[in-house]
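Just below is one structure, and these are the notes that go with it.
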Amino acid sequence: MEEQEGTLPQKADFSGWYNDILWRAEIMDVRYPVKGLYVWFPFGFGIRKRVYGILRELLDRDHEETLFPLLIPEPEFMKEAEHIKGFEEEVYWVTHGGTSPLDIKLALRPTSETAIYPMYALWVRSHADLPIKVYQIVNTFRYETKHTRPLIRLREITSFKEAHTVHATWNEAENQVEDAIARYQEFYDRLNIPVLISKRPDWDKFPGADYTIAVDTIMPDGRTLQIGTVHHLGDHFSKTFSIQYEDTKGQQQYCHQTCYGISERSIAALISMHGDDRGLMLPPEVAPVQIVIVPVIMKKREEEVMQAAELLEKELQNAGYRVKIDNRDLRPGAKYYYWEMRGVPLRLEVGPRDLDNGVVMGVLRSGGKESLPRANIISEVCRKMTEYTAALQTRAETHIKDHLFIAKEESMVNEIVSKGVAAVHWCGNRECADRLEEIADASVLGTEVRTDLIDQSAGNCIICGKPGSVVTLIGRSY
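Numbering (the numbering used here), first residue to last: 918 to 1395.
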């Protein structure tokens, strides 16, 4: 890859920082000649592979991975009117095969309900066939007319994990919703990304769902980013697509369904939450390179230093770490800059003085330099990785706390959402929500908020004063 010159914008200029870090750290190349389509650099794809490896691990406990076609026939796509109304302006249509017009137009999937559910109607016959729990990780296409942004708002979502489950009863589907939420919480815990989980208002739920639970985080500029959703579909789609089973009494019953998704927005959150003015800061579990060894060369002892570095590399690799030796003909400072930009958690420096003293100099990406005994290097590296991960978690939690505010008066809301997310009491009335959104120039994110960062006690609606109103999040979103 070509070397990037110049300095990274400060993170306080989040938009400039985010766009710059994607190419400086070799995450994505935005120069592909179609708006909203981007190319993964190999280093960025290495992050993606490990992030989605966690998702696969969590789902493979009791889901099966599958793959459905990209193309959806128009008659199937148009069956579910409410669902289609939510996507009709975003669909790409294939109208020709070569130069010949197609008899039936084919949609590039914006999401896969209308591709998967006709097959479920063929697969489900008896209560013994239930539950079905499958997922796929695929690309989806949406004709975004708003300003596109890599990993956040795309025309091709390259990494959409969507799970689709089928159950005998509404309550069983509800249990699956709760299970999915728990897995998403575990997923983001492992990425050290604090999240806010809430129930979307009815007008903002997934088209065709009984209700939607959303997972949001707060970006460095105070805006929220939706990084996961879980939908209880009830029997809405099963009635449309005739997904029925025979119960134990021999009666035909409609199934109840859920679906839940995560996209590469999870990686946008990972980059944004942890990065700083020097570049990425990656959690060890998803870092393509966890440790970089930088030999500090003096000509008289060059061979000795290199042998020590190679031995250290092998020992760490045998312990399960992803390690690189940087033996390029560059100044040490240039090497430090290069690996700091790419978020490598730990740098180990090996020079003649370190060899004489039986130590290795360890430098964490989060800051701090320490001599580590060479004889105990595996346990010392483990300790430093634990220290680094704890620092990431603490920084992220502090960021969320610093951008989540209680608004007790109507006059406070607009000022708060200019800096972060406001927690207010709302009665549930749409007119009050519209007034609240107008005042704040922001959106109602959700109720039934799952966080211990704010008091969940009922109170008076911030707009109409109605008592017994629930805590509701309001903020500006990507």
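Idealized CB from N, CA, C, for every residue including glycine.
Since the structure is predicted, the reported quantities are computational estimates derived from the model, not experimental observations.
Name the residue from the options whose alpha carbon lies nearest to the alpha carbon of residue i.
i       : options                               : result
ARG1140 : ILE1069, ARG973 and GLN1224           : ILE1069
LEU1370 : GLY1014, ARG1218 and ILE1114          : ILE1114
ILE1033 : PHE1004, TYR1128, PHE1158 and THR1016 : PHE1158
ALA1324 : SER932, TYR935, THR1082 and ILE1391   : ILE1391
VAL1147 : ASP1138, MET1136 and TYR1128          : TYR1128
GLU1011 : TYR969, VAL1222 and ALA1024           : Reading off the sequence shown, one finds Val at residue 1011, where the question assumed Glu. Comparing Cα positions, the closest option is ALA1024.
GLU1079 : THR1028, LEU954 and SER1335           : THR1028
TRP1256 : VAL1211, GLU1230 and ILE1144          : VAL1211
GLU993  : ALA1038, LEU972 and GLU974            : ALA1038
SER932  : PHE1123, GLN1093 and PRO1137          : PRO1137
GLY1363 : GLY1284, LEU1281 and ASP1133          : ASP1133
ASN1109 : LYS928, PHE1077, ASN1244 and THR1303  : THR1303
ARG1117 : PRO1111, GLN1143 and ASN1092          : GLN1143
GLN927  : ILE971, MET1258, ASP977 and VAL1209   : MET1258
LEU984  : MET1036, PRO950 and GLU1266           : MET1036
SER1180 : GLU1089, SER1386 and VAL1055          : VAL1055
ARG1347 : SER1374, HIS1320, TRP1120 and LEU1229 : TRP1120
GLU1219 : GLU1232, LEU1233, ASN1244 and ILE1208 : ASN1244
VAL1222 : VAL1277, LEU1247 and GLU1073          : VAL1277
PHE1404 : GLU991, PRO1018 and VAL968            : With the chain represented from 918 up to 1395, any question about residue 1404 goes unanswered, as that position is not in the structure.
Check residue i in the structure and name its three-state DSSP category.
i       : result
GLU997  : coil
HIS980  : coil
GLN1169 : strand
LEU1289 : strand
SER1374 : coil
ASP1127 : coil
GLY1345 : coil
TYR1238 : coil
ILE879  : With the chain covering only 918 through 1395, there is no way to say anything about residue 879.
PHE985  : coil
TYR1105 : helix
GLN1053 : strand
ARG1218 : helix
GLU1163 : strand
ILE1144 : strand
THR924  : coil
GLU1202 : helix
ASP1193 : strand
SER868  : Here the chain covers residues 918 to 1395 and nothing more, so residue 868 does not appear.
ASP904  : The requested residue 904 is not part of the displayed model; the chain covers only 918 to 1395.
PRO1048 : coil
SER1328 : helix
Mind checking who residue i pairs with in its DSSP beta bridge?
i       : result
ALA1339 : PHE1322 and ILE1391
THR1175 : THR1082 and HIS1149
GLY1014 : SER1017
GLU1232 : The partner list for GLU1232 (beta bridge, DSSP) is empty, contrary to what the question assumes.
LYS1383 : Answer by DSSP bridge pairing: none, since LYS1383 is not bridged.
ARG1367 : ILE1114
PRO990  : LEU1023
PHE1077 : VAL1055
THR1062 : Bridge partners of THR1062: none, in fact.
TYR1009 : LEU1025
ARG1264 : VAL1209 and VAL1280
THR1134 : LEU1142
SER1360 : GLY1392
GLU1041 : The sequence shown places Val at residue 1041, not Glu. Its beta-bridge partners do not exist; DSSP assigns none.
TYR957  : It is Trp, not Tyr, that sits at residue 957 in the sequence shown. DSSP lists MET945 as partners of TRP957.
ARG1070 : ARG1066
Against chain C, with Cβ distances strictly below 8 Å, would residue i count as a contact?
i       : result
MET1215 : As a matter of chain content, chain C is missing from the structure shown, which is built from one protein chain.
If contacts are defined as beta-carbon pairs under 8 Å, then residue i and residue j qualify, I think. What distance do you get, rounded to the angstrom?
i       : j       : result
TYR1009 : TYR1060 : 6 Å
PHE958  : ASP946  : 6 Å
ALA1185 : HIS1149 : The pair is not a contact, with the Cβ atoms about 26 Å apart (cut-off 8 Å).
ARG1393 : VAL1330 : Between VAL1330 and ARG1393 the Cβ distance is about 12 Å, and since that is not below 8 Å, they are no contact.
LEU976  : ARG1026 : With a Cβ gap of about 19 Å, LEU976 and ARG1026 do not count as contacting.
LYS1050 : HIS980  : 4 Å
ALA1085 : HIS1044 : 6 Å
THR1065 : LYS952  : 6 Å
ILE1242 : GLU1230 : 5 Å
GLU1073 : LEU954  : 5 Å
ASP1194 : LEU925  : 7 Å
Using only the heavy atoms of the ligand SAM, determine whether one of them is closer than 7 Å to the beta carbon of residue i.
i       : result
SER1017 : Summarising the ligand content, the structure contains no ligands, and the ligand SAM is consequently not present.
Notebook entry, point to check: Counting pairs of beta carbons, one from the segment 1148-1157 and one from the segment 1198-1215, are three or more of them closer than 8 Å?
Noted result: no
Notebook entry, point to check: Are the segment 1096-1104 and the segment 1184-1198 touching by the rule of at least three beta carbon pairs closer than 8 Å?
Noted result: no
Next item on the list: Please determine if the segment 1166-1174 and the segment 1250-1267 are in contact, where contact requires at least 3 C-beta pairs separated by less than 8 Å.
Entry: no
Note to self: Using a Cβ distance threshold of 8 Å, determine whether the segment 1327-1343 contacts the segment 1356-1372, with at least three qualifying pairs required.
What the structure shows: yes
Note to self: Quick check: the segment 1264-1274 against the segment 1207-1227, are at least 3 beta-carbon pairs closer than 8 Å?
What the structure shows: yes
Notebook entry, point to check: Pairing CB atoms from the segment 1290-1303 with CB atoms from the segment 1231-1245, are three or more of them under 8 Å?
Noted result: yes
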